[in-house]
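Take this note's numbering: the last position of the sequence shown gets the number 482, and nothing is skipped along the way.
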Amino acid sequence: MDIKDYRYVLIPNILEKFRCSMCGECCESKWRIDIDEKSYQAVKERLEENKEDVSTYIEQNENGNYVVKFDGKYCKFITDDIKCRIHRDFGWECLSDTCKIYPRNMRLTSRGMEIGLGFSCGSVAKLLLTDEKVSIKKIKKEDYFFMTPRDISFIIPENNLKTAVNSRYYEVEEMAIEILNQEKDLFTKLSYLERILAGLENVADVRECNFKEVIEGLDDFTIENPYTEEYLVDEIIKAIMKKSERSESVAEYYRSLLKITSLSGDIKKDRKFLSWSGYNLYSERLKELKALWNSKWDKILQRYFQCYIFNKEIYDNSEYFMFKTTISMVMIKLRMLLTIKYLGRELTEDEVIAAIKGYENDFSHDGDYFSEYYKQKYENKEDIKEATRKLLLMFK
Ligand code: SF4
Numbered sequence: 087m088d089i090k091d092y093r094y095v096l097i098p099n100i101l102e103k104f105r106c107s108m109c110g111e112c113c114e115s116k117w118r119i120d121i122d123e124k125s126y127q128a129v130k131e132r133l134e135e136n137k138e139d140v141s142t143y144i145e146q147n148e149n150g151n152y153v154v155k156f157d158g159k160y161c162k163f164i165t166d167d168i169k170c171r172i173h174r175d176f177g178w179e180c181l182s183d184t185c186k187i188y189p190r191n192m193r194l195t196s197r198g199m200e201i202g203l204g205f206s207c208g209s210v211a212k213l214l215l216t217d218e219k220v221s222i223k224k225i226k227k228e229d230y231f232f233m234t235p236r237d238i239s240f241i242i243p244e245n246n247l248k249t250a251v252n253s254r255y256y257e258v259e260e261m262a263i264e265i266l267n268q269e270k271d272l273f274t275k276l277s278y279l280e281r282i283l284a285g286l287e288n289v290a291d292v293r294e295c296n297f298k299e300v301i302e303g304l305d306d307f308t309i310e311n312p313y314t315e316e317y318l319v320d321e322i323i324k325a326i327m328k329k330s331e332r333s334e335s336v337a338e339y340y341r342s343l344l345k346i347t348s349l350s351g352d353i354k355k356d357r358k359f360l361s362w363s364g365y366n367l368y369s370e371r372l373k374e375l376k377a378l379w380n381s382k383w384d385k386i387l388q389r390y391f392q393c394y395i396f397n398k399e400i401y402d403n404s405e406y407f408m409f410k411t412t413i414s415m416v417m418i419k420l421r422m423l424l425t426i427k428y429l430g431r432e433l434t435e436d437e438v439i440a441a442i443k444g445y446e447n448d449f450s451h452d453g454d455y456f457s458e459y460y461k462q463k464y465e466n467k468e469d470i471k472e473a474t475r476k477l478l479l480m481f482k
């Protein structure tokens, strides 16, 4: 099967309402902004016509890729009235794919153009606050504004062996979303999904799978998680330490929050404690923090997870998908818990959005963090499914 034409756009229903709020945040210096070769050449030409040098705005990083330069807070192309100069003066077609597409991520599949959205954008993160159940919505191409990137990945499940799980990939994806839509506690749903995805790896012939029955199986599913908060603490600290290899400031943010929320008020003791560079996290403390959780926020984490299911990472590797997404939710929840502890009150919706966005900026935009961490665990012969099960305890 091939993709010759596509008439539909598929998008998680809760994300369909996304509209850019023109806040200009995506042009800030907090992340790397890539400029592809075509855009680079087009912008260079236009700037030269104006007797300007492209190197004022764009540089090559250590990997030889073009990236924008920043002028303090913003990309150098930002004008005083927070408009993109490339867009305004040279035309939208001169923008790089990164700038045209963000916060969307797109894939061309045999179902149509599939569009997911990144939660580092506040307008997207806000959409997680809905009460709606998540489903995949199919809309006519002409009814949804989007632009096709120059480089796009293709997914055609039907081209797999008929006995292989990925030949029924869309059903796997819908099943996973549906399991999470059920009215059960988040820990049970995530644990069930984790077991189901692990089990699918061993199915000899996927044609025999009845996904409707699998969803119904959740009704009778109970699980004893043999792990305690002690194991969970270990996994959290390992994740932060891995992050510190790539960005000490992000790791320091978590360490500082852990410290600042456990100050005793005794100046002498606290001074000593603040100069210590360790992690103030242990099982009893984590239990206390978890007790601050308001279960209404579980729905946000659930929707976050469901939107990531749509990103096709189960297609590549379900173990990696579960590991990555579970760490993500653990770190978002930890960030929220520490903020509650720090403020001494329940979070407002804006503070929840800030926690999600902050996490996404720090971790998801560090493209290789998860793959390197996964690879490292894999090379150390760690049991990654077990690590995921330990992390799942955060939701119990
Ligand atoms: S090139 Fe334009 S759209 Fe891209 S980051 Fe800079 S100002 Fe923003």
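We treat Cβ as the ideally placed atom computed from N, Cα and C, and that holds for glycine.
Alpha-carbon spacing of residue i relative to residue j, whole angstroms
| i | j | result |
| --- | --- | --- |
| Glu131 | Ile119 | 20 Å |
| Asn136 | Tyr143 | 14 Å |
| Ser253 | Phe396 | 16 Å |
| Asp356 | Ile322 | 24 Å |
| Ser333 | Asp167 | 32 Å |
| Arg431 | Ile238 | 44 Å |
| Trp117 | Val319 | 29 Å |
| Leu279 | Asn288 | 15 Å |
| Asp305 | Leu378 | 28 Å |
| Lys248 | Asp122 | 38 Å |
| Ile346 | Glu472 | 31 Å |
| Asn99 | Val220 | 6 Å |
| Arg197 | Pro243 | 10 Å |
| Glu264 | Ile353 | 52 Å |
| Asp271 | Ser381 | 9 Å |
| Tyr340 | Gly204 | 22 Å |
| Tyr394 | Glu200 | 12 Å |
| Ile301 | Ile164 | 49 Å |
| Glu399 | Trp383 | 24 Å |
| Thr234 | Tyr365 | 45 Å |
| Glu446 | Gly150 | 25 Å |
| Leu291 | Phe156 | Residue identity differs from the one stated: residue 291 is Asp in this sequence, not Leu. In a straight line, the C-alpha of Asp291 is about 53 Å away from that of Phe156. |
| Thr474 | Thr216 | 27 Å |
| Glu269 | Phe307 | 13 Å |
| Met192 | Gly202 | 6 Å |
Check whether residue i and residue j have beta carbons under 8 Å apart
| i | j | result |
| --- | --- | --- |
| Leu420 | Leu276 | no |
| Thr222 | Leu96 | Note that residue 222 is Ile in the sequence shown, not Thr. It is a contact, given that the beta carbons lie within the stated cut-off. |
| Leu266 | Gln127 | no |
| Ser115 | Lys159 | yes |
| Tyr94 | Lys226 | yes |
| Phe449 | Met408 | no |
| Ser209 | Phe104 | yes |
| Tyr255 | Tyr401 | yes |
| Lys482 | Phe273 | yes |
| Phe176 | Val140 | no |
| Ser404 | Leu283 | yes |
| Val153 | Asn147 | yes |
| Met422 | Tyr390 | no |
| Met261 | Phe297 | yes |
| Leu424 | Leu344 | yes |
Integer Cβ distance of residue i from residue j, believed to fall under 8 Å
| i | j | result |
| --- | --- | --- |
| Cys170 | Cys113 | 7 Å |
| Leu286 | Val258 | 7 Å |
| Ile470 | Tyr460 | 7 Å |
| Ala325 | Ile413 | 5 Å |
| Glu315 | Lys373 | 5 Å |
| Lys476 | Tyr313 | 5 Å |
Span of the beta strand (DSSP E) around residue i
| i | result |
| --- | --- |
| Thr195 | 190-195 |
| Asn145 | Correcting the residue identity first, residue 145 is Glu in this sequence and not Asn. That run of the beta strand (DSSP E) goes 144-146. |
| Val154 | 152-154 |
N- and C-terminal bounds of the alpha helix (DSSP H) containing residue i
| i | result |
| --- | --- |
| Gly444 | 435-445 |
| Ile301 | 297-302 |
| Val416 | 404-429 |
| Ile386 | 384-395 |
| Val95 | No alpha helix (DSSP H) holds Val95; the beta strand (DSSP E) holding it covers 94-98. |
| Thr474 | 470-478 |
| Ala128 | 123-135 |
| Lys467 | No alpha helix (DSSP H) holds Lys467; DSSP gives it neither H nor E. |
| Ser369 | 369-376 |
Distance cut-off 7 Å: residue i Cβ against heavy atoms of ligand 3
| i | result |
| --- | --- |
| Leu181 | Ligand 3 is absent from the structure shown, which contains only ligand 1. |
Beta carbon proximity, residue i to chain B, threshold 8 Å
| i | result |
| --- | --- |
| Glu269 | Note that chain B does not occur in the displayed structure, where there is just one protein chain. |
Can you list the alpha helix (DSSP H) stretches of 4 or more residues lying completely in the region 223-279, in chain order? Runs of alpha helix (DSSP H) with 4 or more residues, each lying fully within the region 223-279, are found at 255-267, listed in chain order.
Threshold first: 4 residues or longer. Then list the alpha helix (DSSP H) segments lying entirely within the region 164-223, N to C. Qualifying alpha helix (DSSP H) stretches, in chain order: 183-187, 208-211.
Pick out the complete alpha helix (DSSP H) segments inside the region 313-357, 4 residues or longer, and give them in chain order. Fully enclosed alpha helix (DSSP H) runs of 4 or longer: 315-332, 334-346.
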